[in-house]
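J.: Below is a structure I'd like to ask you about.
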Amino acid sequence: MYDRFLVSKQIDQWLAEDIGGGDLTAQLMIDPRATATFAMNAREPMTLAGVEVAGLVFTRYEPACRIEIHAHDGATVERGALLMTVSGPAQALLTAERTALNVVQRLSGIATETAKYVRAIAGTKARLLDTRKTTPGLRMLEKHAASCGGALNHRLGLDSGVMLKDNHIAVCGSIMEAVKRARLRVPALTKIEVECDRLDQVEEALAAGADVIMLDNMSLETMRQAVALVDGRALLEASGGIRLDTIAAVAATGVDYISTSRPFQSAPAVDIGLDEA
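Counted from 1, the sequence shown has number 84 at position 77 by this note's numbering; the numbering is strictly sequential.
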């Protein structure tokens with residue numbers, strides 16, 4: 008989910024970055040009265056994200072552009088699938104083309120990579136969570152892409168929940184004291200999560216009344232012991248060092264959630280083209 012008003016403000020920045028003082032090629036070569044129709048196509052299999060945003064890029068630059076979406080965010084499409092048709096003044100379409108493609112290729116790359124992780128834990132109770140390790144300025148859209156791939160969004164920002172990490176705990180003196188301080192001031196419906204990397208910390212977080220306990224960089228055996236220890240009295244999130252080849256084993260330990268930043272940090276942009284229809 009993303010806010011169209013905020014995205015429109017971002018699109019202005021993206022277009023200004025690419026256009027600069029003007030699209031020299033389009034202004035020199037293309038008759039300003041000319042019109043054109045282009046088709047956006049998938050050049051490889053993918054999970055889509057950002058198609059509607061790409062359409063907003065065109066209409067933001069030239070409101071006379073007409074957009075027809077053929078495949079929506081979250082859809083899984085094959086190579087050759089028609090994603091969008093855009094018609095309007097040829098100069099405007101060619102000027103906005105690269106910005107529109109950049110955003111849909113990047114976001115669809117994240118969604119496609121995320122979907123691989125989701126498929127790897129299918130059949131277990133574990134759900135995939137994203138993280139805050141996003142590209143500065145693109146968090147809202149990158150988290151939208153992760154949800155298109157089947158992940159759940161973790162905190163959108165520091166105001167979305169209480170996460171007590173090792174440095175917070177060190178300043179407060181103990182997990183018990185950190186949770187106590189947070190509980191006194193936290194909004195009534197906001198969860199408190201505590202990061203733990205040892206079983207004794209898990210015991211303390213449980214005794215302190217943490218809503219969620221993060222098992223940080225624990226071995227599989229230690230995670231299994233943590234699951235048995237907690238026994239459903241708090242939600243458990245596994246994090247740290249999660250890879251596509253290890254996530255299934257982590258899910259099999261019985262944790263409720265698994266968080267990873269890898270789809271954000273390692274996903275390649277997918278291949279999407281814009282060709283004359």
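For every residue, glycine included, the Cβ atom is placed at its ideal position computed from N, Cα and C.
#1: State the DSSP-derived secondary structure class of asparagine 174, mapped to helix, strand or coil.
#2: For isoleucine 199, write down the residues that DSSP places opposite it in a beta bridge.
#3: If you reduce the DSSP assignment to three classes, tell me which class valine 60 lands in.
#4: Does the distance between the C-beta of arginine 240 and the nearest non-hydrogen atom of the ligand COA fall short of 8 Å?
#5: Pick out whichever of Glu51, Gly81, Val178 and Cys72 has its Cα sitting closest to the Cα of histidine 151.
#6: According to DSSP, is glycine 280 helix, strand or coil?
#7: Among Ala41, Thr42 and Phe65, which has the Cα closest to the Cα of tryptophan 21?
#8: Short of 6 Å in beta carbon distance, which residues of its chain neighbour aspartate 263, apart from the five on each side in sequence? Order them along the chain.
#9: Less than 9 Å separating the beta-carbons of leucine 159 and leucine 206?
#10: Using DSSP's beta-bridge definition, name the partner residues of glycine 95.
#11: Which of the three DSSP states, helix, strand or coil, is assigned to valine 193?
#12: With leucine 136 and histidine 161 assumed to form a contact (beta carbons below 8 Å), what rounded beta-carbon distance in angstroms separates them?
#13: Should methionine 8 be labelled buried (16 or more other beta-carbon atoms within 10 Å of its own) or exposed?
T.: According to the structure data:
#1: Asparagine 174: helix per DSSP, three-state reduction.
#2: Its beta-bridge partners are Val169.
#3: Three-state result, valine 60: helix.
#4: Looking for the ligand COA in the displayed structure turns up nothing, as the structure carries no ligands at all.
#5: Per the Cα distances, Gly81.
#6: The three-state reading of DSSP puts glycine 280 in strand, counting E and B together.
#7: For tryptophan 21, the closest of Ala41, Thr42 and Phe65 by C-alpha to C-alpha distance is Phe65.
#8: For aspartate 263, the CB contacts under 6 Å within the same chain, skipping 5 residues up- and downstream, are Leu242 and Leu243 in chain order.
#9: The answer is no: Cβ separation not under 9 Å.
#10: DSSP lists Ala43 as partners of glycine 95.
#11: Reduced to three states, the DSSP call for valine 193 is coil.
#12: That belief holds up - the Cβ atoms of leucine 136 and histidine 161 are roughly 4 Å apart, short of 8 Å.
#13: Counting Cβ neighbours within 10 Å, methionine 8 comes out exposed, since fewer than 16 surround it.
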